[in-house]
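**Q** These protein sequence lines are chains A, B, C, D, E, F and G, in that order. Per this note's numbering, the first sequence starts with residue 864, numbered consecutively. Per this note's numbering, the second sequence starts with residue 567, numbered consecutively. Per this note's numbering, the third sequence starts with residue 6, numbered consecutively. Per this note's numbering, the fourth sequence starts with residue -14, numbered consecutively. Per this note's numbering, the fifth sequence starts with residue 7, numbered consecutively. Per this note's numbering, the sixth sequence starts with residue 240, numbered consecutively. Per this note's numbering, the seventh sequence starts with residue 148, numbered consecutively. C-beta atoms are modelled at their ideal positions from N, C-alpha and C, and glycine is treated no differently. Computed from a prediction, not measured in an experiment: that's the story for all the values here.
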Amino acid sequence: MEYVIMFISAIFVNNIVLSQFLGVCPFLGVSKRVDTALGMSAAVTFVVALATLVTYLLQGLLVKLHIEFMQTVSFILVIAGLVQMVEIILKKISPSLYQALGIFLPLITTNCIVLGVAIQVVTNEYSFINNVGAANPNMMNLPQAVVFAVATAIGYSVALILFAGIREQLELSNVPKVFKGVPIALITAGILALAFMGFSGLV
Amino acid sequence: MSKKDSIIHDGVVVGISEDYITVEFVNKSACAACRAKGVCAASDESIREIDIPYSISTLAGDYHIGDPVNIILSSSLGLKAVWIAYVIPLAILLVMLLILSAFKMSELIMGLGSVAAVAVYYLFVYIFRNKLSKVFTFSIEKKLSK
Amino acid sequence: MGKLKLISDGIIKNNPTFVLVLGMCPTLGTTTSAINGMGMGLATTFVLILSNIVISSVAKIIPDKVRIPSYIVIIASFVTILQLLLQAYLPSLYETLGLFIPLIVVNCIVLGRAEAFANKHSVCDSALDGIGTGLGFTIALTVLGCVRELLGSGSFFGLKLIEGDGMLAFILAPGAFIALAYLMVIFRKVTGKKA
Amino acid sequence: MKTFKIGGVHPNDNKLTADSLIEVFPVLETAYISMAQHLGAPAKPVVEKGDKVKVGQVIGEPAGFISGYVHSSVSGTVKAVELMPDLAGNPVMHVVIEVEGDEWCEEIDRTPDIKRDIPYSSEEIIEKIKNGGIVGLGGAAFPTHVKLNPPKDKKAEFLILNGSECEPYVTADDRIMRERPEEILIGAVIMMKALNVTQAFVGIEVNKPQAIAAMKKAAADYPQIKIVVLKKKYPQGGEKQLIDAITGRRVPSMGLPIDVGVVVQNVGTSLAVYEAVQKNQPLIESAVTVTGHCVTEQRNFLLRVGTPFSRILDAVGGLPKDAAKFISGGPMMGKAVANIDASTLKGTSAFLLMTEEETKRKQESNCIRCAKCVEACPMGLEPYLLNKLCRAGNKYDELEKEKIYDCIECGCCLYTCPANIPLLDIIRMGKADVMKIIRNRPKK
Amino acid sequence: MKKLIVSPAPHIHSKENTKSLMRDVMIALSPTVLVSIYFFGLSAIKLILVGVISCVLVEYLIQKYLLKTKVTINDYSAALTGVLLALNLPPSSPWWLILIGSIVAIGVAKMTFGGLGQNIFNPALVGRVFLLVSFPALMTDWSIPQSWFREGIDAVTGPTPLAMVKEGLLSGQTIPEIFAANSFTTKQMLFVKMGGSVGEISAVALVIGFIYLLIRRVIKPTIPVTIVCTVALISTVFYLVDPMQYTGPLFNVLTGGVLLGSIFMATDYVTSPMNTKGMIIYGIGIGIITVMIRYFGAYPEGMSFAILIMNATVPLLNKYCKPQRFGKEVK
Amino acid sequence: MSTTIILTIACLGVLGLLFSVVLYLVAQKFKVEEDPRIEQVESILPGANCGGCGQAGCHAFAENVVKAPSIGSLFCPVGGNAVMSKIAAALGQEAVEKEPMAAVVRCHGTFDNRERVNHFDGYSSCKVMSALYAGDTDCRYGCLGEGDCEDACQFDAIHIDPKRGVPEVDVDKCTACGACVRSCPKGIIELRPKGPKNRKVYVSCMNRDKGAVTRKACIVGCIGCGKCAKVCPFGAITVENNLAYIDFTKCKLCRKCYDECPTKAIWAVNFPIRLPKSATEPHTEPKVEQPVEENKEA
Amino acid sequence: MASKSNFTNMVVVLTSICLVCAAILGFVYSVTAEPIRQAEVAKINNAIASVVPEFNNNPSEEVFEVDGAQVYPAKMDTTVVGYAVKIKTSSFGGPMQMMVGFDNAGNIYNTSVISHADTPGLGAKMTDNNIKLRTELVGINPASVNLSVKKDGGDIDAITAATITSRSFLKGVDLAYQVFLKVQSQN
Ligand SMILES: Cc1cc2nc3c(=O)[nH]c(=O)nc-3n(C[C@H](O)[C@H](O)[C@H](O)COP(=O)(O)O)c2cc1C
Ligand SMILES: Cc1cc2nc3c(=O)[nH]c(=O)nc-3n(C[C@H](O)[C@H](O)[C@H](O)COP(=O)(O)O)c2cc1C
Ligand SMILES: Cc1cc2nc3c(=O)[nH]c(=O)nc-3n(C[C@H](O)[C@H](O)[C@H](O)COP(=O)(O)O)c2cc1C
Ligand SMILES: Cc1cc2nc3c(=O)[nH]c(=O)nc-3n(C[C@H](O)[C@H](O)[C@H](O)CO)c2cc1C
Ligand code: SF4
Ligand code: SF4
Ligand code: SF4
Ligand code: SF4
Ligand code: FES
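1. Quick check on the DSSP output: the beta strand (DSSP E) that includes PHE359(F) runs from which residue to which?
2. Under 8 Å Cβ to Cβ from GLU387(D), same chain only, skipping five residues before and after it: list those, please.
3. Have a look at the DSSP bridge pairing and note the partners of ASP250(G).
4. Assess contact between the stretch 57 to 66 of chain C and the stretch 118 to 137 of chain C, defined as three or more Cβ pairs (one per stretch) separated by less than 8 Å. Is contact present?
5. What does the alpha-carbon distance come out to for the pair VAL578(B) and VAL78(C)?
6. Using the beta-carbon of each residue, which ones in chain E are nearer than 7 Å to ILE423(D)?
7. So what's SER97(C) in DSSP terms, helix, strand or just coil?
8. Rounded to whole angstroms, what's the CA-CA distance from GLN179(E) to ALA647(B)? Just pull it up for me.
9. Of all the residues that make up the stretch 352 to 367 of chain F, which are near chain E by a beta-carbon distance shorter than 9 Å?
10. From the DSSP output, which residues share a beta bridge with VAL(-6)(D)?
11. Tell me, please, whether the CB atom of GLY241(G) is closer than 7 Å to any CB atom in chain A?
12. For a test of your reading of the model: does the CB of GLU224(D) fall under 6 Å from any non-hydrogen atom of ligand 1? Yes or no.
13. Beta carbons nearer than 8 Å to chain G: which residues of the stretch 90 to 106 of chain E have them?
14. Please report the distance separating the alpha-carbon of CYS597(B) from that of LEU48(E).
15. Per DSSP, PRO406(F) forms a beta bridge with which residues?
16. Can you give the Cα-Cα distance for ASN1004(A) and SER872(A), rounded to whole angstroms?
17. Sorted by chain position, which residues of the same chain lie with C-beta nearer than 6 Å to ALA123(C)'s C-beta, five sequence neighbours on each side aside?
18. Checking contacts by CB at 7 Å: is THR24(E) closer than that to chain D?
19. Taking ALA321(D) as the reference, which of LYS331(D), THR340(D), LYS306(D), GLY303(D) has the closest Cα?
20. By Cβ distance, which residues of its chain are closer than 8 Å to ILE159(E), with the 5 residues on each side in sequence left out?
21. I'd like to confirm something about MET117(E): is its beta-carbon nearer than 6 Å to some heavy atom of ligand 4, or not?
22. List, in chain order, every chain G residue whose beta-carbon is nearer than 8 Å to that of THR477(F).
23. Does any residue of chain E bring its CB to less than 7 Å from the CB of LEU1(D)?
24. Run the CB neighbour count on ASP448(F), radius 10 Å, all protein chains shown included, and call it buried at 16 or more, exposed below.
Below, the structure written as structure tokens:
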């Protein structure tokens, strides 16, 4: 149940782009093709999950050493390294697979979502989490953290895919010149956010 | 080769060997679509090469080093690649994590265990890499100059 | 290149928000009020200027392949310093900006300027560029904050101008997107820039 | 009652001339016979200025596989063989004949009796049809002998006669079905023999009760031919739709009726086949409806090929004052005439005169995405999307994916669009481009 | 001789045009408008008038002075947006509220996308939801303004049934208790005796409009029917599971904007799918989201949000649900 | 406190070490540099993405020009010689000069010169119209006036004058990208050298009908009489299929043909006004805009 | 421009940059650690100061815990003048922390919101000192009133359109009061 709530919350109620404003740049800029958006979503989800897992463990270390302030620096380094590692591994294990991905998808860059989720997971408190007996019962444990990361990334995916569809349609309509490009994308995102407000209070 | 449902990239032939035509293309990052590309070099672009085996669509004599070509990959293959590279390992990661947490393992073990599971998965992919390379075929097409 | 132009370019020709459309997350996420927007803008400017200076001075010794990671480390360090300073001396601002402070690290503006400008120019020019870009960002965020605050809660820099509440939507997420869109359009119209 | 399953529209049928007998048109003074009477390569003229010709004499020979003979529809002297503008104003080779009397070739049997037995083999039939210059009278004017001679690997199972005449206003097929039902059926039997099929259907729309009755009565003697009553819905007569309605089979994309074992011929074609095979009369005349609300004397005529349009107008009381558009064919598929000095072709089935008010297109406005065009399209296409993709330019891949090549140009979408978007004009343009690309694609 | 007209085929056109369609929708809305004027009197007239005038004016001004394109206000679509926006507001809304709503509806949701037919989201609903989010207090003030007709008819109660339920549940009452406490019966829902937005108070009037639209073939029944069925189905399931916490199907179908929304707003051509398959998925989506928001969300009413959210999926639905093509593909 | 510092240093040190190793591995596998000259060339290009160069767009042009062995094979018509010489400089090569060209509309069947015999009521497009029929005049070679060329031009350089019904080229804006040439279904538009002071002489007609037919359709049509070919001292004019054509590589702008042409199908634009000769000037009768007006056009 | 990369210089440069940065960071951290701690304490102290009568001890140092809530005794010259109770509850947007101060008689002295995640413009109004929800509470004894919003049959005016927040707020006050009672009874 907790996981269900987590998903509903992350996808609809606290959608990462539409209500938390993370990962807006790729959201606005990324492909206008639904196919590519789908692929991007999956890739981002995997990277976010992996990064969250590793940084969660890293945070444990930082806390033990009492150098929590090193969070930002160490997280970003670890995430950047991780993204590169995944690339290398994929290339090593199957060049053709790697090549197919390369043609199909843009590269994944470390952006707000990956770092944002990693930080959120280890610092925020959540009213729907209750880990009885833990130091802070409203903090996530590891599986919760990873599931939360996945849920958040899926929320991102939902927004990205809906948006790609809308963009495909807008491409065929005569949006007034001054609104072409980013402004109309922002307005669409705004109205989408307005619509998603309807989910507030769902969890 | 029909271009329906395909992803098309610009590439340039950089090598021709007995079995392959090697084509180089630029893989852009998510930010590459952004107009600030020039300012923001954080958006990686990497040049990649792919080898394309000769087939009906790529008759050997037709290509020369330096020829601009279109690299074509069907969307469904692209999605398949995404599935193998990201979706399945993600599922393994999650399942492993939940199983281990059911056994009340320590978080460190949980984490390392599930990463290890993913590593094992990738190992399997490695073993089957030759099979995969048969699945993921690309084709190239000469760019028509008007 | 005139020194003044370095600064004005960052504000108008290459305005990071309205023209380059970079760093959208903090732009949208922190501008619920003019003060918050300004705070975020200044915080980013701080990192931008310092990282530009440092990077331009060490650029020569950094091997090509580790360029980006080195910059990241440098930038992240400044962000952490900023975090610590804010926590110590401006705790309330630190709290309102929250997650967006550490995210300065991945803000394309900072890394982008380091890459595109600082590693090719002198320390002094880089500092000016940092000031210009930072100012451009700060102004954009402040204006956006002003608009959202004015429409959303009827006040200006915290000063209540009208009775009652204003249009809540502008304080919430939808208004952020919509207000930014219209500001961008106005900016385009005024500066005559094309899409 | 049968009908096709996808799309369709219901324009007012306006069959003003349904009850007027087919009148034989008076002999002409001059006939202008085009060499481009059929789909495919125009015929090569084989007469010269000064030659004497009789009715039914060959004056043009086929110039390719898809081409056909052209016969003189009058007797007299060839006055000229020259390029003349056709109804669209484009130059086409014409044989101009000064009419002298009405002398027919001897082998033509002009008696009114019906010849029922068919002593010819399949090959002989096809040869006779070819020599008779028969083309489809359903609109496309496709040489009939080509259609009756399908590729070896494809076997026909049914013949379908198209008597649906779904175009508003036009009544030529209705009249011939009422007046000469048996000849039509014999024509069908001949074609069945040529195709070696045992079953034929005649599809007729329900708004022609007398034709249905007449055909049913005649068909009593021909158990292998079944009369099928169809719902009134445009384009019931489109061959893909007709096959769907009658047999439930769907011709595949880019395919032909023969791919599902069917050959479709118009009832008029069937009559022409009868005349050619049984009576040795080549295709030199056909039933033509002259109609329109603004026309004072709406009539059905039996017209010789090569009759100048102006002559026809004279026969119905001249060009009405308020007529603004002169259409050869029906209002949905017919061609607007730009050159009123042109003359009739074998495939001409109707002339329709419309006033500005009836026909003038309204100002186009934005597509409101009402999906009425999608609902109307009998091919299951999305005309609104095709329109947008065509206008966006360079979206040929997408257009192909959206199957623009399937469009049968029926006009349902344009007819129905509340925003008055010239959908079909634009789709036609895009379709032509896409077809060109597809044709130029190297075959594997 | 007069010059002949030459054009490609076809040479005739159906009598329908954009303007006539919009006019038909207006006619279909007239019973609802009349009922609302009867019950809310001057304030309903005022709201609808301000709505229409401001929407048309905003469209005119934007087209004329900002975009400098052809002015198309006489296709009635802006006026229709105005009417629908007005019908979606509480009767006591002040005039400036609907003015802001119109600016958002026409200015933001319609004209920025390029005007009629190009918008992704339903303009009237964007207007309404913007107001709902921006002015929660005003938009949920169901007090009944003065009216000359209504004297003597005292059955029109205060809050909407949905708000009543939400409030009741929040303070721990069960559904039967809430109904009893407010002496609320099913009959009220059919015959107007309840509070609500200007246009949602009479199910009967709305259904009359629906039948008119069907007869005139302006809309197909697919979307409204799927929405209503989905809402009914889901609420039946919940109701059967726990009648103390969840309201029943009849209540859910007849109250709030479900009828107004599904008949007049979910069917908006521009923002709904282009073919039957898509329409069904769209309808089901709206139904599910509506009920979920009603049962679990912060807002008592979910129809507007549900439609807007599904509007966003329409491009995808159009992309993946294609009409049945004629004939198979041959290679 | 100092432990913290030590731990901090240790922690980052380890991370830095790890990271550089990872990066080293990455570096082995990837090249991360696009030829910087491509971007440089792209920044010189006008960025119209018009395809006038025959490439997919400006970026493709830049890529190919950098890779090509010499730049002579590629030319950006929009940027013209100025841009090409800059590119050549950037690539350290010799620029190849090309004569500046501009679009020329070879039909002058204005409303005044050519009667409209019917009224077209389909989608306003030359392509649609020409697919349907010969056109709304008796000249089936002439301009249809629906403005496909105007739509095709990205540079706002060609416009249909609503009073005249045929397009006019704004020579200053025209970049000779050729988009209009490709878009015209009648093949009326030709790229010709801009000429000194924009002066050109050309046959503004495409009608290949016999003289009599042409004359009936349009009063400024070329009737193929061949007088111009005879009078041309440079042999620049050929008459084929009843239509004259002036080869711009041979034409020396002497305007003898212009004076000779009985129908004024030959155009000489942007020349200084010549004083009108006697009242018996042989061809004052056709209602043609005189060169005086042409000067305004420039 | 940058120098050519090889394995050694990559490792050396990146590692040394990391080391230098780390050193600087460690230094800044050690410099700011104290001010940060003080800022945190000041925040609590400010909250305490705003919710209890004047005092002259350092309540942060005398804090004790009851039922998971922190209780800060405010003393004027060793006599307790009131207690500030820090309470955690959850509201519309997530967890929220507040401070409720009582005088010795058990009357609410004042309230203060330390952190919350509610909607700006709606629930966030609870941080405003002048809203009815909070001004009405000042000086009253929770025992004497029905500590719930009027809609639920209580005595308190809710924040317009933010009943949930108001409920949570009042629940927090009530929890704090229970803690206070316990403290009282222990003494
Ligand atoms: C939209 C459309 C409508 C048609 N309507 C008729 C019709 O009413 N009657 C008819 O005989 N042919 C009609 N045709 C032509 C038929 O598709 C088919 O070509 C014809 O029946 C074949 O017979 P034919 O070769 O004897 O002409 C129509 C075609 C199309 C595309
Ligand atoms: C977002 C939102 C939506 C609401 N929708 C409704 C509604 O549909 N019907 C209703 O009667 N009240 C609705 N309410 C009103 C509240 O339930 C509340 O009872 C009303 O504002 C009166 O409370 P107050 O006077 O204490 O502010 C809504 C409130 C909010 C914040
Ligand atoms: C986006 C959004 C944010 C909201 N934020 C709050 C909030 O912070 N606090 C709150 O009590 N209610 C909030 N609400 C309103 C509640 O969900 C609920 O409608 C209301 O509190 C109960 O109704 P009433 O207070 O109007 O009686 C919010 C609603 C929405 C749609
Ligand atoms: C059946 C039908 C329903 C409509 N519903 C709406 C509606 O809900 N909201 C609205 O703003 N316009 C509506 N319109 C008008 C018009 O389609 C709308 O303004 C467009 O969305 C503007 O592009 C409707 C029109 C029709 C024909
Ligand atoms: S003309 Fe083509 S697209 Fe239009 S309805 Fe007919 S088949 Fe469909
Ligand atoms: S019928 Fe016309 S308005 Fe309706 S969807 Fe089709 S193109 Fe658009
Ligand atoms: S007029 Fe023709 S050649 Fe000249 S710029 Fe325009 S499209 Fe290009
Ligand atoms: S020149 Fe060609 S494209 Fe231009 S208007 Fe004339 S016919 Fe059309
Ligand atoms: S600032 Fe660019 S993605 Fe967040």
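**A** Answer, in terms of the structure:
1. 357 to 359
2. LEU366, GLU367, LEU370, LEU371, LEU374
3. GLY229(G)
4. yes
5. 36 Å
6. Under the 7 Å cutoff, chain E gives no residues; its nearest Cβ is about 12 Å from ILE423(D).
7. helix
8. 54 Å
9. ARG355, VAL356, ASN357, HIS358, PHE359, ASP360, GLY361, TYR362, VAL367
10. TYR219(D)
11. yes
12. yes
13. none
14. Note on CYS597(B): pLDDT 44, under 50, position unreliable in the model; the coordinate value appears next. Computed Cα separation, rounded: 55 Å.
15. ILE399(F)
16. 17 Å
17. ASN57, ILE60, SER61, SER131
18. yes
19. THR340(D)
20. At ILE159(E) the pLDDT is 48, less than 50, meaning the model places this residue with poor confidence and gives no usable figure here.
21. no
22. The premise fails here: THR477(F) is roughly 60 Å from chain G at the closest Cβ pair, so nothing lies under 8 Å.
23. no
24. buried
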